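K.L.:
According to full-length UniProt numbering, the sequence shown is numbered sequentially starting from 1. We put the beta carbon where it would ideally sit given N, CA and C, even for glycine. Since the model is a prediction, treat every value here as computed from it, not as a measurement. Please find one structure pasted underneath; my questions will follow.
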Amino acid sequence: MDDLYRILEIIASSEKSTMVLATIIKVEGSAYKKEGSSMLIMEDGLRIGTLTAGCLEVDLNERAKQVWAAGQSCTVEYDLNDEDDLSWGQGAGCNGVITVLLEPVKEELRRNLISLKKRLDARKTVTRIKRFTKKLEPKEDVYVVEDGTKFGSCDFFNIEYFDVPVKGGNPYKSEKGMKLKEHTSDLFFINQMVPKPYLYVFGAGEDARPLASLAARTGFNVSMIDWRPALCHNRNFPEAKELFVGPTEEMMKKLIFTKKDFVVIMTHQFQKDRYILSQLQDKTLFYLGVLGPKKRTERLLRNARVPDHIYSPAGLSIGAIGPEEIAVSIVGEMIGKIRSNRKTNL
């Protein structure tokens with residue numbers, strides 16, 4: 001889930017580079033990636049992100065050169081239904097038709113994407129609405145922020161008419177796809193983009209390192225919280241966004257949690273785990289996991305039943321052994337929660 005954020009980082013830091021943004025706007029049947037998936041194609045052929053398992057990238061590279069030279073966006077359709085080695089699917093069996101929008105990252109688009117990055121960094125959901133003719137010729141677009149502000153070709157759109165979806169129970173569920181609005185001959189691509197999820201890990205022990213690393217590499221902003229400066233430092237957690245070092249009580253007062261946040265408690269010190277859990281158990285969090293057996297968590301709760309919203313033991317039941325496998329089980333459970341907004345059972 002990290003491609004979009006890496007793409008925006010590159011665009012924001014590469015002012016004069018030749019870049020073309022490729023986005024899947026329509027999928028019929030099955031495909032490797034769904035609507036809204038993006039890939040950035042650089043002048044030297046370097047690609048950030050993926051759209052397929054390698055079926056189309058060479059052709060997209062060539063088309064990107066043409067798009068940049070022409071200075072105009074275009075759409076291209078790929079039929080992956082054929083399973084012979086000469087087809088686009090190259091025997092992969094994707095059995096789908098995908099339509100890709102290619103846009104040269106120049107001037108207005110670059111400004112809009114940098115504005116998009118700023119909103120996402122501020123933890124705000126942004127919906128891009130792009131107009132197309134019935135022949136899928138790309139036209140204007142507008143970006144609508146969850147607070148009601150907008151940027152892009154604002155004068156063209158009646159935002160209320162488009163009924164931009166409001167985030168409900170799952171702040172990570174996003175609407176993407178092509179829509180035909182009544183009383184108009186145009187098509188509109190809706191692409192709702194959500195900010196990176198934040199993961200707060202209490203406890204900077206050795207077993208927290210693979211969790212922080214894997215979570216960061218799968219798209220989480222990771223913050224480590226611990227009272228021990230000898231453990232909680234950049235050398236142990238180079239991929240963490242923030243490190244909070246100090247007495248647990250002070251850290252709990254400093255941190256502000258939201259309904260979008262993920263928390264894992266793993267200090268391995270019973271009294272500290274109990275205190276942290278007591279401060280968090282009544283907060284509205286997206287995910288609250290406690291490392292260790294369920295009976296231990298019951299003891300942390302002073303022998304009370306573990307509420308359904310607390311994931312105990314944290315992680316999918318895959319028989320994980322050792323820090324690396326436990327990290328996989330926890331990250332898998334968190335991703336499952338993002339995708340389905342319910343416990344994921346194997």
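Could you say if the segment 238 to 245 and the segment 260 to 280 meet the contact criterion of at least three C-beta pairs nearer than 8 Å?
P.N.:
Touching, no.
K.L.:
What is the DSSP secondary structure of K343, reduced to helix, strand or coil?
P.N.:
Numbered from 1 along the sequence shown, position 343 holds the residue referred to as residue 343. In this prediction, K343 has a pLDDT of 49, which is less than 50 and means its spatial position is unreliable; nothing more can be read from the coordinates.
K.L.:
To the nearest angstrom, how far is it from the Cα of Y78 to the Cα of S340?
P.N.:
Within the sequence shown, numbered from 1, the residue matching residue 78 stands at position 78. Within the sequence shown, numbered from 1, the residue matching residue 340 stands at position 340. C-alpha separation (whole angstroms): 29 Å.
K.L.:
Jot down the residue ranges of each uninterrupted alpha helix (DSSP H) in the segment 51 to 83, minimum 4 residues, whole runs only, in chain order.
P.N.:
Counting whole runs of 4 or more residues, the segment 51 to 83 contains the alpha helix (DSSP H) stretches 57 to 70.
K.L.:
Measuring alpha carbon to alpha carbon, tell me which of G45, K294, R299 ends up nearest D308.
P.N.:
The sequence position of residue 308 within the sequence shown is 308, counting from 1. Minimum Cα distance to D308 is reached at K294.
K.L.:
Measure how close the beta-carbons of A22 and I10 come, nearest whole angstrom, since I'm counting them as under 8 Å.
P.N.:
Within the sequence shown, numbered from 1, the residue matching residue 22 stands at position 22. Within the sequence shown, numbered from 1, the residue matching residue 10 stands at position 10. Between I10 and A22 the Cβ distance is about 14 Å, and since that is not below 8 Å, they are no contact.
K.L.:
Are N81 and N61 touching if we call contact CB-CB under 8 Å?
P.N.:
Against the sequence shown, residue 81 aligns to sequence position 81. Against the sequence shown, residue 61 aligns to sequence position 61. No, the pair does not count as a contact, with Cβ atoms beyond the cut-off.
K.L.:
At the level of alpha carbons, what is the spacing between Y143 and S115?
P.N.:
Translated into the one-based positions of the sequence shown, residue 143 becomes position 143. Translated into the one-based positions of the sequence shown, residue 115 becomes position 115. Cα to Cα, the separation comes out at about 9 Å.
K.L.:
Can you list, in chain order, the residues of its chain whose CB lies under 6 Å from that of K176, leaving out five sequence neighbours each side?
P.N.:
Stepping through the sequence shown from its first residue, residue 176 is reached at position 176. Answer for K176: E35, G36, N191, listed in chain order.
K.L.:
In whole angstroms, what is the alpha-carbon distance linking L316 and P323?
P.N.:
Numbered from 1 along the sequence shown, position 316 holds the residue referred to as residue 316. Numbered from 1 along the sequence shown, position 323 holds the residue referred to as residue 323. When rounded, the distance between both Cα atoms is 14 Å.
K.L.:
Assuming A212 and D226 make a contact with CB atoms under 8 Å, what is their CB distance in whole Å?
P.N.:
Counting from one through the sequence shown, the residue named residue 212 turns up at place 212. Counting from one through the sequence shown, the residue named residue 226 turns up at place 226. That belief does not hold up - the Cβ atoms of A212 and D226 are roughly 11 Å apart, past 8 Å.
K.L.:
For the beta strand (DSSP E) that L8 lies in, which residues bound it at each end?
P.N.:
The residue you call residue 8 lines up with position 8 of the sequence shown. It is not in any beta strand (DSSP E) - L8 instead sits in the alpha helix (DSSP H) that spans 3 to 13.
K.L.:
Tell me whether E103 is buried or exposed, calling it buried when 16 or more other Cβ atoms sit within 10 Å of its Cβ.
P.N.:
Taking the first residue of the sequence shown as position 1, residue 103 is located at position 103. Buried, because 16 or more other Cβ atoms sit within 10 Å of the Cβ of E103.
K.L.:
Give the secondary structure of E140 by DSSP, where H, G and I count as helix, E and B as strand, and everything else as coil.
P.N.:
Residue numbering aside, residue 140 sits at position 140 when the sequence shown is read from its first letter. If DSSP states are grouped into helix, strand and coil, E140 belongs with the strands.
K.L.:
Is it the case that the Cβ atoms of E146 and V97 are separated by a distance below 8 Å?
P.N.:
Along the sequence shown, read from residue 1 onward, the residue named residue 146 stands at position 146. Along the sequence shown, read from residue 1 onward, the residue named residue 97 stands at position 97. The answer is no: Cβ separation not under 8 Å.
K.L.:
Is the distance from the Cβ of E57 to the Cβ of T18 below 8 Å?
P.N.:
Walking along the sequence shown from the start, residue 57 turns up at place 57. Walking along the sequence shown from the start, residue 18 turns up at place 18. Not in contact: E57 and T18 (Cβ atoms no closer than 8 Å).
K.L.:
Under the three-state reduction of DSSP, which class applies to L291: helix, strand or coil?
P.N.:
Translated into the one-based positions of the sequence shown, residue 291 becomes position 291. Coil at L291, not helix or strand.
K.L.:
Just to confirm my understanding: we take K124, look at its own chain, exclude 5 residues before and 5 after, and list those with CB closer than 6 Å. What are they?
P.N.:
Mapped onto the sequence shown, residue 124 falls at position 124. Here the set comprises V145, E146.
K.L.:
Would you grab the beta carbon distance between V100 and T75 for me? Rounded to a whole angstrom, and I think it's under 8 Å.
P.N.:
Against the sequence shown, residue 100 aligns to sequence position 100. Against the sequence shown, residue 75 aligns to sequence position 75. About 7 Å separates the two Cβ atoms, so the contact holds.
K.L.:
Work out the CA separation of C55 and G91 for me, nearest whole Å.
P.N.:
For this step, residue 91 is matched to residue 91 along the sequence shown. For this step, residue 55 is matched to residue 55 along the sequence shown. Only weak support is given to the placement of G91: the predicted model assigns it a pLDDT of 45, under 50, and the value that follows is read from those uncertain coordinates. Answer to the nearest angstrom: the Cα atoms are 9 Å apart.
K.L.:
Which value, in whole angstroms, describes the spacing of the CA atoms of V306 and S174?
P.N.:
Here residue 306 corresponds to residue number 306 of the sequence shown, with the count starting at 1. Here residue 174 corresponds to residue number 174 of the sequence shown, with the count starting at 1. Cα-Cα distance, rounded: 30 Å.
K.L.:
Output the boundary residues of the alpha helix (DSSP H) element that contains residue 357.
P.N.:
Outside the shown range of the chain (1 to 346) lies residue 357, about which nothing can therefore be said.
K.L.:
Where does T127 sit, in a helix, a strand or coil, going by DSSP?
P.N.:
The sequence position of residue 127 within the sequence shown is 127, counting from 1. Note: T127 maps to strand in three-state DSSP.
K.L.:
Name the DSSP beta bridge partners of S223, please?
P.N.:
The sequence position of residue 223 within the sequence shown is 223, counting from 1. Answer is Y200, E242.
K.L.:
What did DSSP end up calling F270 once you bin it into helix, strand or coil?
P.N.:
Along the sequence shown, one-based indexing puts residue 270 at 270. Correct three-state label for F270: helix.
K.L.:
Find the nearest neighbour of L187 within the set S153, I129, V328, judged by alpha-carbon distance.
P.N.:
Your numbering for residue 187 matches position 187 in the sequence shown. Among S153, I129, V328, the Cα nearest to that of L187 is on I129.
K.L.:
Quick check: what's the CA-CA separation for Q271 versus I310?
P.N.:
In the sequence shown, the residue the question calls residue 271 occupies position 271. In the sequence shown, the residue the question calls residue 310 occupies position 310. Their Cα atoms are separated by approximately 18 Å.
K.L.:
Which whole-angstrom value describes the C-beta separation of V331 and A215, a residue pair presumed to lie in contact below a C-beta threshold of 8 Å?
P.N.:
Here the question's residue 331 lines up with position 331 in the sequence shown. Here the question's residue 215 lines up with position 215 in the sequence shown. Indeed they touch by this definition, with Cβ atoms about 5 Å apart.
K.L.:
Return the residue from the list L8, T297, G292, Q279 that minimises the CA-CA distance to K254.
P.N.:
On the sequence shown, position 254 is the one that residue 254 refers to. Of the candidates L8, T297, G292, Q279, the one whose C-alpha sits nearest the C-alpha of K254 is Q279.
K.L.:
If distances are taken between C-alpha atoms only, which option among R110, E137, K179 comes closest to S73?
P.N.:
As a first step, residue 73 must be located in the sequence shown, where it is residue number 73. Nearest of R110, E137, K179 to S73, Cα basis: E137.
K.L.:
Out of curiosity, what's the CA-to-CA distance linking K33 and L4?
P.N.:
Within the sequence shown, numbered from 1, the residue matching residue 33 stands at position 33. Within the sequence shown, numbered from 1, the residue matching residue 4 stands at position 4. When rounded, the distance between both Cα atoms is 13 Å.
K.L.:
Mapping DSSP to helix, strand and coil, what is S329?
P.N.:
On the sequence shown, position 329 is the one that residue 329 refers to. In the structure shown, S329 sits in a helix (DSSP, three-state: H, G or I).
K.L.:
DSSP puts A22 in a beta bridge; with which residues?
P.N.:
Within the sequence shown, numbered from 1, the residue matching residue 22 stands at position 22. DSSP, once it has assigned bridges, lists M39, L102 as partnering A22.
K.L.:
With DSSP run on the structure shown, which of helix, strand or coil describes G89?
P.N.:
Numbered from its first residue, the sequence shown carries residue 89 at position 89. Reliability of the predicted coordinates at G89 is poor, the pLDDT of 47 falling under 50, and no value is obtained from them.
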